[in-house]
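Just so you know, we're using numbering that gives the first Met the number 0 here: the sequence shown kicks off at 0 and counts up by one.
Every residue gets a Cβ at the ideal spot worked out from N, C-alpha and C, and that includes glycine.
Notes to accompany the following structure.
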Amino acid sequence: MSHKENYLSELNPAQREAVLCTEGPVLIVAGAGSGKTRVLIYRMIHLVQGKNLNPANILGVTFTNRAAEEMKTRIRKSLGALAERIWISTFHSTCAQILRQEIHQLGYSRNFVIYDEEDSLSLIKRVMKDKAIDEKTAPPKWARSRIEIIKRDLIEINDELIEQEGNRFKVLAEIYKAYQQRLRLSNALDFEDLLLLTLNLFEQKPEVLERYQDRFQYIMVDEYQDTNYVQYLLVRQLAKKYQNLCVVGDEDQSIYRWRGANIENILNFTEDFPNAKVIKLEQNYRSTKRVIDSASKVISHNTKRIPKTLWTQNPLGEKIQIIICQDEREEAERVVENLLRLCSAGYKYKDIAVFYRTHSQSRVVEDGLRSREIPYQIFGGLRFYERKEIKDILAYLKLLINEDDSVSLLRVINNPPRGIGPATIEQLTKIAQNYNKSLFQAILIALNYPDTPERAKQSLKEFLTIIEHLKAQWQKGISLKELLELVMEKTGYEEELIQEQTIDAEARLSNLEELVNAVKEYETKEPKPSLEGFLEKSALFQDIDRFSEKGLITLMTLHSAKGLEFPVVFIIGLDEGMLPHLRALEEGDEDELEEERRLFYVGMTRAKQRLFLFRADSRAVRGARLYSEPSRFLEELPEEHIQFSGLRKKAKMKIPFKPEWESEEQEIELDDEEQGVWDNELELSWKKGLKVKHPTFGQGVIERVEGNEEKIKLVVKFKNAGRKKLLAKYAKLEILE
Numbered sequence: 000m001s002h003k004e005n006y007l008s009e010l011n012p013a014q015r016e017a018v019l020c021t022e023g024p025v026l027i028v029a030g031a032g033s034g035k036t037r038v039l040i041y042r043m044i045h046l047v048q049g050k051n052l053n054p055a056n057i058l059g060v061t062f063t064n065r066a067a068e069e070m071k072t073r074i075r076k077s078l079g080a081l082a083e084r085i086w087i088s089t090f091h092s093t094c095a096q097i098l099r100q101e102i103h104q105l106g107y108s109r110n111f112v113i114y115d116e117e118d119s120l121s122l123i124k125r126v127m128k129d130k131a132i133d134e135k136t137a138p139p140k141w142a143r144s145r146i147e148i149i150k151r152d153l154i155e156i157n158d159e160l161i162e163q164e165g166n167r168f169k170v171l172a173e174i175y176k177a178y179q180q181r182l183r184l185s186n187a188l189d190f191e192d193l194l195l196l197t198l199n200l201f202e203q204k205p206e207v208l209e210r211y212q213d214r215f216q217y218i219m220v221d222e223y224q225d226t227n228y229v230q231y232l233l234v235r236q237l238a239k240k241y242q243n244l245c246v247v248g249d250e251d252q253s254i255y256r257w258r259g260a261n262i263e264n265i266l267n268f269t270e271d272f273p274n275a276k277v278i279k280l281e282q283n284y285r286s287t288k289r290v291i292d293s294a295s296k297v298i299s300h301n302t303k304r305i306p307k308t309l310w311t312q313n314p315l316g317e318k319i320q321i322i323i324c325q326d327e328r329e330e331a332e333r334v335v336e337n338l339l340r341l342c343s344a345g346y347k348y349k350d351i352a353v354f355y356r357t358h359s360q361s362r363v364v365e366d367g368l369r370s371r372e373i374p375y376q377i378f379g380g381l382r383f384y385e386r387k388e389i390k391d392i393l394a395y396l397k398l399l400i401n402e403d404d405s406v407s408l409l410r411v412i413n414n415p416p417r418g419i420g421p422a423t424i425e426q427l428t429k430i431a432q433n434y435n436k437s438l439f440q441a442i443l444i445a446l447n448y449p450d451t452p453e454r455a456k457q458s459l460k461e462f463l464t465i466i467e468h469l470k471a472q473w474q475k476g477i478s479l480k481e482l483l484e485l486v487m488e489k490t491g492y493e494e495e496l497i498q499e500q501t502i503d504a505e506a507r508l509s510n511l512e513e514l515v516n517a518v519k520e521y522e523t524k525e526p527k528p529s530l531e532g533f534l535e536k537s538a539l540f541q542d543i544d545r546f547s548e549k550g551l552i553t554l555m556t557l558h559s560a561k562g563l564e565f566p567v568v569f570i571i572g573l574d575e576g577m578l579p580h581l582r583a584l585e586e587g588d589e590d591e592l593e594e595e596r597r598l599f600y601v602g603m604t605r606a607k608q609r610l611f612l613f614r615a616d617s618r619a620v621r622g623a624r625l626y627s628e629p630s631r632f633l634e635e636l637p638e639e640h641i642q643f644s645g646l647r648k649k650a651k652m653k654i655p656f657k658p659e660w661e662s663e664e665q666e667i668e669l670d671d672e673e674q675g676v677w678d679n680e681l682e683l684s685w686k687k688g689l690k691v692k693h694p695t696f697g698q699g700v701i702e703r704v705e706g707n708e709e710k711i712k713l714v715v716k717f718k719n720a721g722r723k724k725l726l727a728k729y730a731k732l733e734i735l736e
């Protein structure tokens, strides 16, 4: 059997069709767990081996470095050295590499640095401070998010828009203009610039676009449902000449609307390319039949989707467990009890994941796990490259490439302390502004300034000497590992941590050792390692790139779970207002609600064997106890695949659910706070129509009062926070009339 026949024999009919259909536009609608990665990999192998295509003419675009590395590794096994010539990377990495070669045509220097979100935020804060803009008027994080939106949606800021949006937007426009000027002065790009400047390059330099069109004659884009407007335009520009564009995605897993993803890109693909071939991958290889049928039933309630019918040859499997709890504490107890029972039945800690809608939900679960000494990891916490000591050392490395990088310079100029205080930095900032120079150039000017104190001059000279020495050693061609160790030594950074002799310092030193390992690994794997390449890799690093099974229970948000799978999945917080999120309900936006349903669908389809769904009748939120109904998504599950379990029997309370189930009384234990006579006897101070004020939710009007004495519950419609159900005893409400 030939190798071609061998790899094609591993595919089902739909997968085989997707691999062999190489010419013209192709949309592969890949349902959850349907083997899309295998299809993409075999498609690239087929182009090279089956069609004798030059591998350098293939571009594969992914959304995570992890996915890109997985593809490269698996293709390398079949194609050997030829695999290195296929360009496989994320959108941001692809654009960074193109700009590294071409950005001089836009007036930038090729030694630009990439600012991550924290660097970008630091620069915005600096701009606001220099312009005396009050952070209450325009919070820096708010400004950062709005600037991101302006860039990714190609919003043109003009007088008409400023007048239309009001004074706050006028302040934002001022921040944006100064921020862009500072970026340019620092020869720095933020994440959005990587995409935007590449698009500008293609539009302004047709000859450059045509050169890359000729190079990338076959383009494959993974997770197409997650593309934003600029990414969509980039793909269309590159594919315009040859039209050999294959996009792979699943609109049912489009869950990043909040960061600009546009589901219409995949839904309208056949309108953009009328002659496109549509291939559906509907066989699921991951989950049991119960999980697949249940998830399919839930997502069928969405209207913005491409019709498909997922099926599997996997076993029927266990029923989905729905566990209804009194409050978040009992929910956490039930999570711990069930995972311990599963582990005693043979599952490992690493087999189990707990998903939630928001990070704040993890705390109570963490308490429960710690109390039973169960090891766990939180996925999506502080990223390795965001840790202070890592960013400090990387800032030194960035200065060696680009001395005009003011954000990096400000980070390390007095770190560790070397006598360059706030007064000196303020003087440097004024010099930079007056001469329209970078801060590094301002240091050179300050050394010749008569007003600069001699002590400050000496400290600045010492700093320059360190940078010049490191740059000289780097230019001699020492390895990146040697350069990194030299930076830690010559700057005094490592020695300061050693002298500190604290547990925190030990942890930071350990992280620096891990950074050395990361550099060594990069040099080993990369055919042409460079300092610029390593800094790019670290700047574009993502949470999922470092996910690994460590023999621990995994806790993560539903958004972080995309692309992963576990034998057992727990999803907590299946309450109205939690999942679907309150924002979607308050805005009454059907698109938001469908996104919430897709998020639940993604969570469900991560489960290979067992799926547990938890909800709580009430939750503590910002000092108040809020009551909620079961999530509407629970009502959409098929009855034949679900089972209620885990409820304690004491005081009876009906659980509002599907109408035909309301006669089935579910029994849960109520504590003293919850016990009471539900007969609508009202305490005199609370009445319908009363105007009240809550310290967190603001002003509102009481719509309904339930219970009596200390068990009174109030349904309040707040002006800005929507409808809440509060326990009057703990609500901290102020009566306004």
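Taking R631 as the centre and dropping the five residues before and after it, the same chain places the C-beta of E575, P579 closer than 8 Å to its C-beta, in chain order. Within the same chain, and ignoring the five residues on either side of I291 in sequence, the residues whose Cβ sits closer than 6 Å to its Cβ are N283, L309, T311. Taking R596 as the centre and dropping the five residues before and after it, the same chain places the C-beta of N301 closer than 6 Å to its C-beta, in chain order.
The alpha carbon of E484 has as its nearest neighbour, out of E499, E513, K460, the alpha carbon of E513. Annotated as proximal: A455 and T423, with beta-carbon spacing under 7 Å. L58 has W86, I218 as its beta-bridge partners, per DSSP. At a cut-off of 3 residues, the continuous stretches assigned as beta strand (DSSP E) that sit fully inside the stretch 225-303 are 244-248, 276-280. Assignment of beta-bridge partners to C324 by DSSP yields A615. The DSSP-derived three-state label of D574 is strand. Taking 7 Å as the cut-off, the Cβ atoms of A504 and L496 count as close. By the Cβ test, the stretch 40-50 is in contact with the stretch 70-88, since at least three Cβ pairs between them sit closer than 8 Å.
For T553, the beta-bridge partners assigned by DSSP are A352, Q376.
When the alpha-carbon of I412 is set against those of N433, G367, T464, P374, the nearest one is in T464. Within the DSSP bridge table, the entry for D189 names Y114 as partners. Contact annotation: I319 and E250 have beta-carbon atoms that are not nearer than 7 Å.
By the C-beta criterion, the stretch 210-228 is judged to be in contact with the stretch 253-271, since at least 3 inter-stretch pairs fall below 8 Å.
When the beta-carbon positions are compared, K607 and P566 come within less than 7 Å of each other.
Under the criterion of beta carbons closer than 8 Å, P415 and G491 qualify as touching, at roughly 5 Å.
Within the DSSP bridge table, the entry for Q698 names K692 as partners. For the stretch 382-441, the continuous alpha helix (DSSP H) assignments of 4+ residues that do not extend past its boundaries occur at 387-400, 405-411, 421-434, in sequence order.
Only residues of its own chain outside the window of five on either side were considered, and among them D574, E575, G576 have a CB closer than 6 Å to the CB of S627, listed in chain order. In this structure, V220 lies near V60, with their beta-carbon atoms less than 7 Å apart.
Counting the other CB atoms within 10 Å of its CB gives R618 a total of 16 or more, which places it among the buried residues. Taking the Cα of N51 as reference, the smallest distance to any Cα among G30, I27, T21, S33 is reached at T21. Per DSSP, reduced to three states, the secondary structure at Y448 is coil, with no helix or strand assignment. When DSSP states are grouped into helix, strand and coil, E733 belongs to the strand group.
Counting only the Cα atoms, A275 lies some 6 Å from T269.
Judged by DSSP secondary structure, K712 falls outside any alpha helix (DSSP H) and instead within the beta strand (DSSP E) spanning 712-717. A direct Cα-Cα distance of roughly 7 Å separates Y600 from V297. In this structure, V234 keeps its C-beta atom at 7 Å or more from the C-beta atom of R151.
With contacts defined as CB atoms closer than 7 Å, G379 and T556 qualify as a contacting pair. Minimum Cα-Cα distance from Q440 among the listed residues R410, S405, A538 corresponds to S405.
The DSSP assignment places 187-189 as complete runs of the beta strand (DSSP E) inside the stretch 114-192, in order along the chain (cut-off: 3 residues). Closest in C-alpha terms to L188, from the list L446, K397, F643, comes K397. The beta carbon of S370 sits closer than 7 Å to none of the beta carbons in its chain outside the five residues before and after it.
Taking a cut-off of 8 Å for Cβ pairs, the stretch 178-188 and the stretch 120-129 touch, as three or more such pairs fall below it.
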